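According to my numbering, the sequence shown is numbered sequentially starting from 66.
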Amino acid sequence: MVSYFEASLDTACVHHIGNQSQNEFYALSAEALAFKDELIPQLLKQYFLKPFEKATEVYHLMHSSGDIALNEVHHFVTQAFEDKSKFHEVSEQIAKHLYNVSNHPNIKPGELYVAYFSQVQIEGNLLDAIGIFKSENKETYLKVYPDKGGFGIDYEENAININKLDKGVLIFNIEKENGYKVVVVDHTSRGQEAAAYWKDEFLQLKIRNDSFNQTNNALGIYKNFVTQKLDDEFELSKADKIDLLNKSMKYFKEKDTFDMDEFTGEVIGNPQAIESFRNYKSQYEQEFESPIADVFEISSNAVKKQQRVYKSVLKLDRNFHIYIHGDKELIEKGFDEGKSMNYYKVYFKEEA
66 MVSYFEASLD
76 TACVHHIGNQ
86 SQNEFYALSA
96 EALAFKDELI
106 PQLLKQYFLK
116 PFEKATEVYH
126 LMHSSGDIAL
136 NEVHHFVTQA
146 FEDKSKFHEV
156 SEQIAKHLYN
166 VSNHPNIKPG
176 ELYVAYFSQV
186 QIEGNLLDAI
196 GIFKSENKET
206 YLKVYPDKGG
216 FGIDYEENAI
226 NINKLDKGVL
236 IFNIEKENGY
246 KVVVVDHTSR
256 GQEAAAYWKD
266 EFLQLKIRND
276 SFNQTNNALG
286 IYKNFVTQKL
296 DDEFELSKAD
306 KIDLLNKSMK
316 YFKEKDTFDM
326 DEFTGEVIGN
336 PQAIESFRNY
346 KSQYEQEFES
356 PIADVFEISS
366 NAVKKQQRVY
376 KSVLKLDRNF
386 HIYIHGDKEL
396 IEKGFDEGKS
406 MNYYKVYFKE
416 EA
């Protein structure tokens, strides 16, 4: 999704953000970072941008009032995009805004980096981007060096691992009126309330309702419908549920376009269950204000993401796991009166 092969780090500022609820404060730098050699910006570019290579979900900045101009981050980055000479001042305002929302006791203090990049690629476009990153976790590193014909060893405490970005966001200078294109990472969630401050309070994000999101939501809703809702209306074995999940995954893998009528007819089949699924989908759309079209282009990246959580494993006590990938008719469930135990009978032609 994001490529930084051609990107350059134009400037960066670093500030320290404490936790308000712990009576900690913030500390602002007087000026932008000065790089002592060419290696430092290259290392920072890897630290800041590499985690976004696998980012597939695109967001927009938003505000609950519907007026995007009231979103603080949108207001600040717009100033910097329009006049780069204001970048350091903008970075200070961003730092103060983050401090104001850092009031949950579980939020860790740390360094805040605000960086301006050129030529970062997203969805085929080379764009300017403003990155906001926070490092919360520090590590200790050993250093081995030549010394008097042998080697010495030393250490450095409270250092940053450039392969582990804690929190970050890239805001691209495109689609300003919609809240810009935004990609985000957050690897330090510590409980639901503490985790919410980065995406929900600091940035105020809403996911872009594109083919990735439509595909991801449709698969997620169907999975929840099969695993949680169907039991209320039908008697289904776990093997039946796995078969329904496998059919849906097969549909999404083989088709280029999702069609609700086609999907429900081919995958669900039962008219009563189809009606139940449509109602379940409608309830989701109303509750989360995230409509899913009856016809949309299927995103292969979203299918791959959902495939990791789609379970095709039938767990039998602690003795056996049966992986069901094909024809459900080749597995039968029964009950042995003599042993007072359930059993599955599996048919096959060859043993691999």
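Note that beta-carbon positions come from the ideal geometry of N, C-alpha and C, so glycine has one too. If you're wondering where the values come from, they're calculated on a predicted model, not measured in any experiment.
### Query
When the distance is taken between beta carbons, is A92 closer than 7 Å to H81?
Yes; because the gap between Cβ atoms is below 7 Å, this pair is in contact.
### Neighbourhood of K320 by C-beta distance below 7 Å, restricted to the same chain and skipping five residues each side
Around K320: I363.
### Task
For S73, count neighbouring Cβ atoms within 10 angstroms of its own Cβ and tell me buried if that reaches 16, exposed if not.
Classification for S73: exposed.
### Message
Does the region 180 to 193 come into contact with the region 203 to 215, if we say contact requires no fewer than three beta-carbon pairs (one atom in each stretch) closer than 8 Å?
### Response
Contact fails: fewer than three Cβ-Cβ distances are below 8 Å.
### Query
Within this structure, are the beta carbons of L108 and F267 separated by less than 7 Å?
Going by C-beta atoms, L108 is not nearer than 7 Å to F267.
### Task
Find out if the Cβ-Cβ distance for the pair L284, Q351 is shorter than 7 Å.
Not closer than 7 Å, so no.
### Message
For A95, report the span of its beta strand (DSSP E) as first-last.
### Response
For A95, there is no enclosing beta strand (DSSP E), as DSSP gives it neither H nor E.
#### Entry: Every unbroken alpha helix (DSSP H) inside the region 230 to 271 [4 residues or more]
Secondary structure remark: continuous alpha helix (DSSP H) runs of at least 4 residues inside the region 230 to 271, in chain order: 257 to 261.
### Message
I'd like the list of long-range same chain contacts for V247, defined as Cβ closer than 8 Å, with 5 residues on each side in sequence excluded.
### Response
The beta carbon of V247 lies closer than 8 Å to those of V123, Y124, H125, L126, V234, L235, I236, F237, L268, L270 in the same chain, with the five residues before and after it left out.
### Task
Taking S73 as part of the beta strand (DSSP E), name the residues at either end of that continuous run.
Per DSSP, the unbroken beta strand (DSSP E) holding S73 starts and ends at 73 to 82.
### Query
Does the region 144 to 158 touch the region 282 to 296, meaning 3 or more C-beta pairs lie closer than 8 Å?
Touching, no, given that fewer than three Cβ pairs across the two stretches are closer than 8 Å.
### Query
For V332, which of helix, strand or coil comes out of DSSP?
DSSP places V332 in helix when its eight states are reduced to three.
### Query
alpha helix (DSSP H) containing D305: first to last residue?
Segment 303 to 319, the alpha helix (DSSP H) holding D305.
### Query
For S200, does the three-state DSSP call read helix, strand or coil?
The DSSP-derived three-state label of S200 is strand.
### Query
Per DSSP, what kind of secondary structure is I159 in: helix, strand or coil?
It is helical.
### Task
Report back the beta-carbon spacing between G399 and K414 to the nearest angstrom; my notes put them in contact at under 8 Å.
With 8 Å as the limit, G399 and K414 do not qualify as a contact, their Cβ atoms being about 21 Å apart.
### Message
At 4 residues or longer, what runs of the alpha helix (DSSP H) sit wholly inside the region 113 to 182?
### Response
Counting whole runs of 4 or more residues, the region 113 to 182 contains the alpha helix (DSSP H) stretches 137 to 147, 152 to 166.
### Task
Quick one: using the 10 Å Cβ neighbour count with 16 as the cut-off for buried, is T322 buried or exposed?
Exposed: under 16 other Cβ atoms inside 10 Å.
### Query
What first and last residue would you give for the alpha helix (DSSP H) that runs through K288?
Here the alpha helix (DSSP H) through K288 covers 276 to 289.
### Query
Should F216 be labelled buried (16 or more other beta-carbon atoms within 10 Å of its own) or exposed?
F216 comes out exposed.
### Message
Please return the same chain residues whose Cβ sits closer than 7 Å to the Cβ of F90, not counting the five positions on each side in sequence.
### Response
Non-local C-beta neighbours of F90 in its own chain, meaning closer than 7 Å and more than five positions away in sequence, comprise G83, ordered along the chain.
### Task
Locate the beta strand (DSSP E) running through V368, then write down its first and last residues.
Unbroken run through V368 is the alpha helix (DSSP H), 365 to 372; no beta strand (DSSP E).
### Message
Within a Cβ cutoff of 6 Å, which residues of the same chain sit near L309, ignoring the five residues on either side of it in sequence?
### Response
Spatial neighbours of L309 in its own chain (CB-CB distance under 6 Å, excluding positions within 5 residues in sequence) are listed in chain order as V291.
### Closest residue to M66 among N366, Y408, E397, Q87 (Cα-Cα distance)
Looking at the Cα atoms, N366 is the closest of the given residues.
### Task
Find out if the Cβ-Cβ distance for the pair Q85, S167 is shorter than 7 Å.
Yes, these two residues count as a Cβ contact at 7 Å.
### Task
Tell me N407's beta-bridge partners as DSSP assigns them.
N407 is bridged by DSSP to F400.
### Message
Let me check understanding here. Comparing Cα to Cα, which of A180, E240, A261 lies closest to N171?
### Response
Nearest C-alpha to N171 among A180, E240, A261: A261.
### Query
Cβ atoms of D75 and S183: under 7 Å apart, would you say?
Taking the C-beta atoms as reference points, D75 is found nearer than 7 Å to S183.
### Message
Could you check whether I239 and L192 sit closer than 7 Å to each other, using their CB atoms as the reference points?
### Response
Going by C-beta atoms, L192 is nearer than 7 Å to I239.
### G215 - partner residues in DSSP beta bridges
DSSP output for G215 lists D212 as bridge partner(s).
#### Entry: Run of the beta strand (DSSP E) containing T322, from where it starts to where it stops
Residues 322 to 324.
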